[in-house]
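Residue numbers (the working numbering), protein chains in the order written: chain X, 3 to 114; chain Y, 1492 to 1602. We put the CB at the ideal spot given by N, CA and C, even for glycine. Remember, it's a predicted structure, so these values are computed and weren't measured experimentally.
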Amino acid sequence: SQTIHQWPATLVQPVGSPLSLECTVEGTSNPNLYWYRQAAGRGLQLLFYSVGIGQISSEVPQNLSASRPQDRQFILSSKKLLLSDSGFYLCAWSRGTMGEQYFGPGTRLTVT
Amino acid sequence: QKEVEQNSGPLSVPEGAIASLNCTYSDRVSQSFFWYRQYSGKSPELIMSIYSNGDKEDGRFTAQLNKASQYVSLLIRDSQPSDSATYLCAVNYRGGQNFVFGPGTRLSVLP
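Okay, structure coming up:
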């Protein structure tokens, strides 16, 4: 069976500090990978989407970036965090582009 | 702009009743539809997917899709307090980057 991991689970960072969130998927190969953000009381916002190693599509212009150095690894980064970057960051995977997406446990980020 | 709309709730139903959750979407070429359950502080969990018009049943859950009316619903029979959560409707328009979530409906099942 497939498993998706995210870490850390929670993070408190000061404004202007860097960020690195990691997501890995087990039990499948060549998954589509996604990063979402959910602000408090809000819906899910797609940030980045990847269909393969080194292939990243950005949905929203911002100070965040994503990378996919390995088939089942997806990393979300920032060089300088803003207060508005606070939220619940979710990684998801899917088999193909039309099917179900499955979410990891998420990282709750608070920027102070 | 692709949109998925849901009533934010809260929707309150007594234990044992049927909960009915509704979702409308804006793009007629949408191809796949999903319902997720999200408990407070947790990540969304897939509970149902539906791809063609009609009903799809899985245990106490039934998803209903009407593409002509651009409408998808989720029925929860014999609602339990453990069903209390936010239910997210998601629509896949034409591929992974076109996977759009609604804002969610908060369901409260009262004992």
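Answer with buried or exposed for residue i, where buried requires no fewer than 16 other C-beta atoms within 10 angstroms of its C-beta.
i	result
S1523 (chain Y)	buried
Y1578 (chain Y)	buried
I1567 (chain Y)	buried
Q57 (chain X)	exposed
I6 (chain X)	buried
Distance cutoff 9 Å, beta carbons only. Does residue i sit that close to anything in chain Y?
i	result
Q15 (chain X)	no
L84 (chain X)	no
E24 (chain X)	no
E102 (chain X)	yes
Within 9 Å (strictly less), CB to CB, does residue i reach chain X?
i	result
V1504 (chain Y)	no
F1592 (chain Y)	yes
P1535 (chain Y)	yes
Kindly list the residues whose CB is nearer than 6 Å to the CB of residue i, restricted to its own chain and excluding five residues on each side of it in sequence; keep chain order.
i	result
Y1542 (chain Y)	S1523
Y51 (chain X)	Y36, S59
CB-CB under 8 Å to residue i, same chain, minus the five flanking residues each way: which ones, in chain order?
i	result
S3 (chain X)	G29
Spell out a yes or no on whether the segment 93-109 of chain X and the segment 58-69 of chain X are touching, meaning 3 or more CB-CB pairs, one atom from each, closer than 8 Å. no
Which residues, taken in chain order from the segment 1546-1572 of chain Y, show a beta carbon closer than 7 Å to some beta carbon of chain X? none
Does the segment 1555-1574 of chain Y come into contact with the segment 80-99 of chain X, if we say contact requires no fewer than three beta-carbon pairs (one atom in each stretch) closer than 8 Å? no
Between the segment 10-22 of chain X and the segment 73-85 of chain X, do at least 3 Cβ pairs fall closer than 8 Å? yes
What residues in the segment 67-100 of chain X bring their beta carbon closer than 7 Å to a beta carbon of chain Y? L92, S96, T99, M100
At a Cβ cut of 7 Å, what residues of the segment 1513-1526 of chain Y count as close to chain X, listed as they run along the chain? Q1522, S1523, F1525
contact_flag[the segment 1506-1523 of chain Y, the segment 32-49 of chain X] where n(CB pairs < 8 Å) is 3 or more: no
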